[in-house]
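Notes follow once the structure below has been shown.
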Amino acid sequence: MADSFVALRCALADLPKIERWFVVGAPWGKGDFIVAGHPDPHLGRYIADTEDFDGEGEHVLEHAAFIAAANPATVARLLQERDALLAAQIANAEHANRYAWLRERDLSTILQGGVFAGKTPENVVLNGSDLDAAIDAERASTRL
Numbered sequence: 040m041a042d043s044f045v046a047l048r049c050a051l052a053d054l055p056k057i058e059r060w061f062v063v064g065a066p067w068g069k070g071d072f073i074v075a076g077h078p079d080p081h082l083g084r085y086i087a088d089t090e091d092f093d094g095e096g097e098h099v100l101e102h103a104a105f106i107a108a109a110n111p112a113t114v115a116r117l118l119q120e121r122d123a124l125l126a127a128q129i130a131n132a133e134h135a136n137r138y139a140w141l142r143e144r145d146l147s148t149i150l151q152g153g154v155f156a157g158k159t160p161e162n163v164v165l166n167g168s169d170l171d172a173a174i175d176a177e178r179a180s181t182r183l
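Using the working numbering, you'd call the opening residue of the sequence shown number 40 and step up by one each time.
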């Protein structure tokens, strides 16, 4: 599976390692530009300015707040969480495929040898929806 975030990962790797970004407010600004590393714009590094040249830009404060919140540390955490979820999804899909293969086995498999599932205490072999129901019932009884 191709990683659709390669460009984002590369851009993130190229950034300096500054943990926090800040929206600059009073007394130095109107909340429309962002600095990194320190909330004082004289000590922090300039990142972005959302104000138009005429000072009449729409949503400049909201854009500045979003840019500051979407800082490199936050983006890195989101990518890590996404990667962990993707790995879990792939593992779960493999479990689902394995179970689907097992539940569809022909009942004659028990006589011919090979992998099968669903032998009940009554010595009845289950597959398909009968196997699903037996598993669901057992799982429900152990959750109580």
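Backbone N, C-alpha and C define an ideal beta-carbon position, used for all residues, glycine too.
- The beta carbon of proline 80 lies closer than 6 Å to those of Val63, Trp67 and Val74 in the same chain, with the five residues before and after it left out.
- Phenylalanine 105 sits in a helix when the DSSP states are folded into three classes.
- Membership of arginine 142 in the alpha helix (DSSP H) is indicated by the continuous run 111 to 142.
- By the neighbour-count criterion, in which 16 or more other beta carbons inside 10 Å mark a residue as buried, tryptophan 60 falls on the buried side.
- The way I'd put it, the region 137 to 150 does touch the region 161 to 171; three or more beta-carbon pairs between them come closer than 8 Å.
- Counting of Cβ neighbours within 10 angstroms places threonine 181 among the exposed residues, the total staying below 16.
- CA-to-CA, the gap between glutamate 58 and proline 78 works out to about 12 Å.
- Between the alpha carbons of histidine 98 and aspartate 91 lies a distance of about 10 Å.
- CA-CA distance, arginine 48 to glutamate 177, rounds to 45 Å.
- For alanine 87, the enclosing beta strand (DSSP E) begins and ends at 84 to 88.
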